[in-house]
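To start, the structure under review is shown below, and the notes come after it.
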Amino acid sequence: MIVRILTEGQYNLPGAYIDDLNAIDNELVEVVESGDRETFDRTLRQMLDLVRENGTPVPVDELVESDLVLPEPDITLEEAGELFVGEGLVPD
625 MIVRILTEGQ YNLPGAYIDD LNAIDNELVE VVESGDRETF DRTLRQMLDL
675 VRENGTPVPV DELVESDLVL PEPDITLEEA GELFVGEGLV PD
């Protein structure tokens, strides 16, 4: 799965991590609803780190369509409220 982190680039993330990514995504939906900024920052960092640590960076000169787009690391809680709703970014 090709995952883009806005402002950073794309990563080829093995399918074995999709369930972990989905679990974090579901947690982010709940955190955004609660309005807890500290927990949101920590959980978003966990999501992005999962992709960074387990994915392989896609070369910048390679054009590949992203299967999933994650927000930039400095997204505000208010902006995240528009993204992390319902099923979140990763559909079940």
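The sequence shown: position 53 = 677 (our numbering), numbered continuously.
Glycine residues also receive a C-beta, built at the ideal position from the N, C-alpha and C atoms.
Quick caveat: nothing in here was measured; it's all calculated off a predicted structure.
- Per DSSP, the unbroken beta strand (DSSP E) holding residue 627 starts and ends at 626-629.
- Using a Cβ distance threshold of 8 angstroms, residue 697 and residue 672 count as a contacting pair.
- Annotated as distal: residue 627 and residue 704, with beta-carbon spacing of 8 angstroms or more.
- Under DSSP, the beta-bridge partners assigned to residue 681 are 635.
- Here residue 680 is exposed. Its C-beta has fewer than 16 other C-beta atoms within 10 Å.
- Scanning 631, 635, 685 and 665 for the CA closest to the CA of residue 649 turns up 665.
- For residue 687, no alpha helix (DSSP H) segment is defined, and its DSSP state is neither H nor E.
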